[in-house]
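By the working numbering, the letter at position 5 of the sequence shown is numbered 288, and the numbering carries on one by one without gaps.
Cβ atoms here follow ideal geometry from the backbone N, Cα and C, with glycine treated the same way.
Below: one structure, written as C-alpha cells.
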Amino acid sequence: MKQIHQIKFPAHGSPADRGSADKYYGRPCNPHWWPNGTYKGHRVHAEDMTEDEISLYKEAYRNEEDEKDWGND
Numbered sequence: 284m285k286q287i288h289q290i291k292f293p294a295h296g297s298p299a300d301r302g303s304a305d306k307y308y309g310r311p312c313n314p315h316w317w318p319n320g321t322y323k324g325h326r327v328h329a330e331d332m333t334e335d336e337i338s339l340y341k342e343a344y345r346n347e348e349d350e351k352d353w354g355n356d
C-alpha cells in the first residue's frame, strides 16, 4: 500500500498563517491573528497577543520565501 504524506499548514487565521501571508503579499510585519479564521470574528492585535503568538507570527514572516507576483514587470 502506498503511503500518502500530508503537508501541515498553519491553521487559517493563526499567527503563523498571518505572518506568512503578510510577507507573501508584501505587507509590513504587524503581528496579529484571527482566532475564528481570517477576517472572521475579531482580530487580535499585537498588544493582546502572547509572546509565543508573536514569535510564531514573526518566525513565519521571516521564513516566507515566496512572494506574490503582481504582474507589474
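### Message
Could you give the first and the last residue of the continuous alpha helix (DSSP H) run that contains asparagine 346?
### Response
334-346
### Task
Could you spell out the range, first to last residue, of the alpha helix (DSSP H) harbouring tyrosine 307?
298-307
### Message
Could you compute how far the alpha carbon of serine 371 sits from the alpha carbon of tryptophan 317?
### Response
Here the chain covers residues 284 to 356 and nothing more, so residue 371 does not appear.
### Query
What does a CB cutoff of less than 8 angstroms around methionine 405 pick up in its chain, not counting 5 residues either side in sequence?
Within the shown structure, residues of the chain are numbered from 284 to 356, placing residue 405 beyond reach of any answer.
### Task
Report the partner residues of tryptophan 316 according to the DSSP bridge assignment.
Val327
### Message
Assuming the contact rule is C-beta atoms closer than 8 angstroms, tyrosine 344 and aspartate 305 should be a hit. Round their C-beta distance to whole Å, please.
### Response
6 angstroms
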